[in-house]
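Only one structure is covered here, and it is reproduced in the block below.
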Amino acid sequence: MAKFDLKINNQSYQVDVAPETPLLWVLREHAGLTGTKFGCGIGQCGVCTVHLNGTAMRSCSLPVSAVGTKAVTTIEGLSEKGDHPVQQAWLQHDVPQCGYCQAGQIMTAAALLAQNPTPSDEEINTAMNGNLCRCGTYTRIHAAVKTASSLG
Amino acid sequence: MTFVKTSYNRRSFLKVSTAAGGGILLGFSWLSSCTSEPAQAPGLTMPENWYDINGFLKIGENGVVTIMSPNPEIGQNVKTSMPMIVAEELDVDWEHVVVEQAGLDTENFTRQLAGGSQSIRQGWNSLRTAGATARYLLLAAAAQQWGVPVEELATEAGVIHHEKSGQSIGYGEVASAAAGMEVPSEVPLKDPSAFKIIGSSRKNVDAQKIVTGQPLFGLDVQREGMRIAMVAHPPAFNLELESFDAADALAMPGIEQVFAIDTAPEGVEQQWSDVNAFPKAVAIVGRSTWEVMQARKALKVTWKPTGQAESTGQHTAALAKLMEKPTALPQRKDGDPDKAFEGAAKIVERSYRAPFLAHNTMEPMNFFAHVQQDKAELEGPIQTPEFLRTTVAAVLGMEPAQVSIMMTRMGGGFGRRLYGQFATQAALISQQAGVPVKLVYTREDDMTQGTYRPGYLVTYRAALDESGNLIAVQVKGAGIHGSPVFANRFPAGAVDHYKAEDYSLDSNISTGAWRAPRSNFMAYAEQSFLDEVAEAAGKDPIDFRLSLFERAATDPVGENNDYDAERYAGVLKLVKEKSGWGKPAPGLHRGVSAYYCHNSYVAQVVDVEIKGGQPKVKKVWCAVDCGIVVNPDAARNQIEGGIVDGIGHAMYSALTFADGRPEQQNFDRYRLIRHAEAPEEIETFFVDNGIDPTGLGEPSLPPIQSALANALYQATGKRLYSQPFMSEAEVLG
Ligand code: FES
Ligand code: FES
Numbered sequence: 001m002a003k004f005d006l007k008i009n010n011q012s013y014q015v016d017v018a019p020e021t022p023l024l025w026v027l028r029e030h031a032g033l034t035g036t037k038f039g040c041g042i043g044q045c046g047v048c049t050v051h052l053n054g055t056a057m058r059s060c061s062l063p064v065s066a067v068g069t070k071a072v073t074t075i076e077g078l079s080e081k082g083d084h085p086v087q088q089a090w091l092q093h094d095v096p097q098c099g100y101c102q103a104g105q106i107m108t109a110a111a112l113l114a115q116n117p118t119p120s121d122e123e124i125n126t127a128m129n130g131n132l133c134r135c136g137t138y139t140r141i142h143a144a145v146k147t148a149s150s151l152g
Numbered sequence: 001m002t003f004v005k006t007s008y009n010r011r012s013f014l015k016v017s018t019a020a021g022g023g024i025l026l027g028f029s030w031l032s033s034c035t036s037e038p039a040q041a042p043g044l045t046m047p048e049n050w051y052d053i054n055g056f057l058k059i060g061e062n063g064v065v066t067i068m069s070p071n072p073e074i075g076q077n078v079k080t081s082m083p084m085i086v087a088e089e090l091d092v093d094w095e096h097v098v099v100e101q102a103g104l105d106t107e108n109f110t111r112q113l114a115g116g117s118q119s120i121r122q123g124w125n126s127l128r129t130a131g132a133t134a135r136y137l138l139l140a141a142a143a144q145q146w147g148v149p150v151e152e153l154a155t156e157a158g159v160i161h162h163e164k165s166g167q168s169i170g171y172g173e174v175a176s177a178a179a180g181m182e183v184p185s186e187v188p189l190k191d192p193s194a195f196k197i198i199g200s201s202r203k204n205v206d207a208q209k210i211v212t213g214q215p216l217f218g219l220d221v222q223r224e225g226m227r228i229a230m231v232a233h234p235p236a237f238n239l240e241l242e243s244f245d246a247a248d249a250l251a252m253p254g255i256e257q258v259f260a261i262d263t264a265p266e267g268v269e270q271q272w273s274d275v276n277a278f279p280k281a282v283a284i285v286g287r288s289t290w291e292v293m294q295a296r297k298a299l300k301v302t303w304k305p306t307g308q309a310e311s312t313g314q315h316t317a318a319l320a321k322l323m324e325k326p327t328a329l330p331q332r333k334d335g336d337p338d339k340a341f342e343g344a345a346k347i348v349e350r351s352y353r354a355p356f357l358a359h360n361t362m363e364p365m366n367f368f369a370h371v372q373q374d375k376a377e378l379e380g381p382i383q384t385p386e387f388l389r390t391t392v393a394a395v396l397g398m399e400p401a402q403v404s405i406m407m408t409r410m411g412g413g414f415g416r417r418l419y420g421q422f423a424t425q426a427a428l429i430s431q432q433a434g435v436p437v438k439l440v441y442t443r444e445d446d447m448t449q450g451t452y453r454p455g456y457l458v459t460y461r462a463a464l465d466e467s468g469n470l471i472a473v474q475v476k477g478a479g480i481h482g483s484p485v486f487a488n489r490f491p492a493g494a495v496d497h498y499k500a501e502d503y504s505l506d507s508n509i510s511t512g513a514w515r516a517p518r519s520n521f522m523a524y525a526e527q528s529f530l531d532e533v534a535e536a537a538g539k540d541p542i543d544f545r546l547s548l549f550e551r552a553a554t555d556p557v558g559e560n561n562d563y564d565a566e567r568y569a570g571v572l573k574l575v576k577e578k579s580g581w582g583k584p585a586p587g588l589h590r591g592v593s594a595y596y597c598h599n600s601y602v603a604q605v606v607d608v609e610i611k612g613g614q615p616k617v618k619k620v621w622c623a624v625d626c627g628i629v630v631n632p633d634a635a636r637n638q639i640e641g642g643i644v645d646g647i648g649h650a651m652y653s654a655l656t657f658a659d660g661r662p663e664q665q666n667f668d669r670y671r672l673i674r675h676a677e678a679p680e681e682i683e684t685f686f687v688d689n690g691i692d693p694t695g696l697g698e699p700s701l702p703p704i705q706s707a708l709a710n711a712l713y714q715a716t717g718k719r720l721y722s723q724p725f726m727s728e729a730e731v732l733g
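If you read the sequences in order, they're chains A and B. Counting in the UniProt record's numbering, the first sequence runs from 1 upward without gaps. Counting in the UniProt record's numbering, the second sequence runs from 1 upward without gaps.
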């Protein structure tokens, strides 16, 4: 066990966990932030996506000891009022079915748009390809990313 | 306007007693377990008091209405569409409605189950009646207050009007009185032409919570004193638990208890919903998921063989061998098929196969359970809460009334959560450990535990006469734990000579319903075959099918044909028109398919492009006849999801076995469709016919696989007889 000081959604958290504990489980069970989901645990599905200094990362495959002083942003902290352009676009297109993958999809899309505000179809395909949606909402996700790009 | 009989008795209707000050005390357990939040209307002011009008709804003094969503929500959007039906008959403004998920409550609700695309179809009448009854009680209260006949009153968007006297009153102001009114024996229902909410698109009531990451799912459940539990089940289907050594696991940080559980103890009868391969498992209980995961790796378990270690190669050979012998009794026989084949000018015979599939709901299995001496409280994702309660009560040695089950929003179902063994495990673990627990499965746990869509093999034969008319069809199909064939489905009824035969292979691998069970394979085989037969007959694939529907509609062969030929033809004609059937644009290749299942009709046309050796679906046109469409945009979302799901599994997915073990255990080896592989565009068209609504969660999946196979044939000249269409070598690495 070891103590880690984390900056999550602009708040400080101190956790006492084994250093190899993935950030995902620290967020969900120690910080009480359950918006970040567990899907595969091996970096293949993207439901656990968070931002580390603004870059999309798979929190299931990131040991808490590797986070250091980098700022962690989760879906709960993406915007204060739930009105980030990507969230707005998601609501406008009524994207979710079961909804389980959507936090990860939104975090990946938000990181993409922060880096590349007007991505092409190809660039959206490439950026979003690591996020599985078992309900098959991909066509809506694609359209919503484009809408978010125009809102942002 | 039609009248329907109400079937409530006062006891099941209202469990209220008058509180001091004239308010109403509410007696439902779900009222305390669910907090009411206007997720879909953040600006709405919540009332101070709620008046319980019936089990489906309560009204606040300010006119805000809470409507219960009785059925489990697995992403099919019933949590929005079912309350919409109640709100329609109640005649309220949707903006003043708050939706709450009901728990299992068999006194107030019937069929709280998500499966078979039946929620809307089977809930239609009871939901309308619930809304209409509540509206009537509000009218009766206003009539009493004003001293006028109830027949003179009208409603509009939550306000009652008396035209003669010019008086108006809001629902909230008479809610308290309405809660005490006598329930009428029958109530009027709206004419569908007067619907205002039904047929208009309303956003998912949980959408705001979903996009902001609020806790909604079973995996998000957190309770005071709650521990995390995991189970270790056998790694192969021919193994069972012999013994275990927990010393190393117990020595690891955060680990509290390790013990064996059995979900099928002697004397407890197993229901269909208890299907599982591994009743005996080892449970590990500790304080956090990561620690329990690590401890499970340190657990030493000895498994003992109980039967044969099966493999995919064996299954394939055994299914083919099984079908070599004719069955003693065909499931259906019309005319004299053997003779018809003898005299045929041309015979087409083709076999189709498909592998096992795992459900792979995005949210892995999990369940919360807190079992105490005299009661058990369960909460989590389950499609069959009522069946679960029966089983849990039996294994815990309790009465069903001592077991409460709260449904969480589910991160996908697809049939997987019809089978609640994981929830039974959670209950047993809580009982034995003496603490509240949340059982968590990893992806590997879920992908290796069984209840799969089984592997199938089917052979179709068709006989054509000299002029290319279809005179006979034979279909025989084999599957693991049951045949996939539906003997009374198309083209039965449209050909003079017909035979259907079933074969079933036993296995120690457990199987279960998977989105559109059997149809998810049969539509692919049937519609790929008919495409090939149309070609052999020298006919256009749509015209060929239409002529068969014409025959089935005007002069049907045999009895019990399980479809309405005119509605079937209707979707095909609609998709033909909308897609501008005929030659696709240059560089594109086109296929068509139509299928009927779960009471709804779907026809699809697909345009495919081949780019760098990889197929890409450019566009899907989809015509649907599911009767009245309650929530059109959400219905389109379901259709789109089924199409993407169908394309994905037909193209890429397979679960194979070696030595009794699944060879794919996570998404590194098990391929699911990804973003870039989804169709670029899907356009859906609904037939507008005013017929009572039918299912939508499943029907768009089955036909798309053959529409795609038929389009790929146009592109490559190769027919696809085996799924997945893309072999592993082509897609991995
Ligand atoms: S849970 Fe992290 S990528 Fe799947
Ligand atoms: S909405 Fe269900 S997994 Fe994406």
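Idealized CB from N, CA, C, for every residue including glycine. Small disclaimer: the values here were computed from a predicted structure and weren't measured.
Local Cβ density within 10 Å of B:Leu329, reported as buried at 16 or more and exposed below that: exposed
Nearest-angstrom Cβ-Cβ length linking B:Gly482 and B:Ser504, presumed shorter than 8 Å: 5 Å
B:Asp206 versus B:Thr408 - alpha carbon distance: 12 Å
Amino acids of chain A, ordered along the chain, whose beta-carbon sits closer than 7 Å to that of B:Met410: Cys98
Contact list for the segment 501-520 of chain B against chain A, Cβ threshold 7 Å: none
Min CB distance B:Leu572 to chain A below 8 Å: no
Other residues of its chain near A:Thr147: CB distance less than 7 Å, five sequence neighbours each side excluded: Ala89, Gln92, His93
B:Met293 versus A:Pro96, A:Asn9, A:Thr21, residue with shortest Cα-Cα distance: A:Thr21
Cβ-Cβ distance between B:Pro83 and B:Val64 below 8 Å: no
Near ligand 2: residue 180 of chain A beta-carbon under 7 Å from a heavy atom: Any question about residue 180 of chain A goes unanswered here, given that chain A covers just 1 to 152.
Simplified DSSP assignment, three categories, for B:Trp514: coil
Neighbour-count burial assignment, B:Gly286, 16 or more Cβ in a 10 Å radius: buried
A:Cys101 Cβ short of 7 Å to ligand 2 heavy atom set: yes
Quiz: which residues have CB nearer than 6 Å to ligand 1 non-hydrogen atoms: A:Phe38, A:Gly39, A:Cys40, A:Gly41, A:Gly43, A:Gln44, A:Cys45, A:Gly46, A:Val47, A:Cys48, A:Arg58, A:Cys60
Selected residue, minimal CA-CA separation from B:Ala678, among A:Ala144, A:Thr139, A:Gly152: A:Thr139
Whole-number beta carbon distance between B:Val606 and residue 745 of chain B, since they are thought to touch under 8 Å: Limits of chain B in this structure are 1 at one end and 733 at the other, which puts residue 745 of chain B out of reach.
Backbone secondary structure at B:Ser600 - three-state DSSP: strand
Beta-carbon gap between B:Ala534 and B:Pro541 smaller than 8 Å: yes
Validate contact between the segment 633-647 of chain B and the segment 102-116 of chain A using beta carbons, cut 8 Å, 3 pairs: no
Short CB-CB distance (under 8 Å) between B:His675 and chain A: yes
Extent of the continuous alpha helix (DSSP H) to which B:Gln145 belongs: 119-146
Delimiting residues of the beta strand (DSSP E) encompassing B:Lys576: Looking at the DSSP string, B:Lys576 is not in any beta strand (DSSP E); the run it does join, the alpha helix (DSSP H), is 565-579.
Secondary structure of B:Lys718, DSSP reduced to three states: coil
Beta carbon of B:Phe341 nearer than 8 Å to that of B:Ala463: yes
Whole-Å CB distance - B:Val371 paired with B:Ser430, under 8 Å assumed: 4 Å
Contact set between the segment 290-303 of chain B and chain A, restricted to residues whose Cβ is under 9 Å from the partner: Trp290, Glu291, Met293, Gln294
Contact under 8 Å by Cβ, B:Ala298 with B:Met252: yes
Three-way DSSP call (helix, strand, coil) for A:Ser150 in this model: helix
Min CB distance A:Arg134 to chain B below 8 Å: yes
Strand pairing of B:Cys622, partner residues [DSSP]: B:Gln604, B:Thr684
Nearest-angstrom beta carbon gap, B:Asp93 and B:Gly158 [assumed within contact, 8 Å]: 5 Å
Terminal residues of the alpha helix (DSSP H) in which residue 738 of chain B lies: Since the first residue shown for chain B is 1 and the last is 733, residue 738 of chain B is missing from the structure and cannot be characterised.
heavy atom of ligand 2 below 7 Å from B:Met362 C-beta: yes
Alpha helix (DSSP H) runs wholly inside the segment 37-90 of chain B, at least 4 long, in chain order: 78-90
Closer than 7 Å: A:Cys98 CB and nearest ligand 2 heavy atom: yes
CB contact flag (A:Val50, A:Thr36, <8 Å): yes
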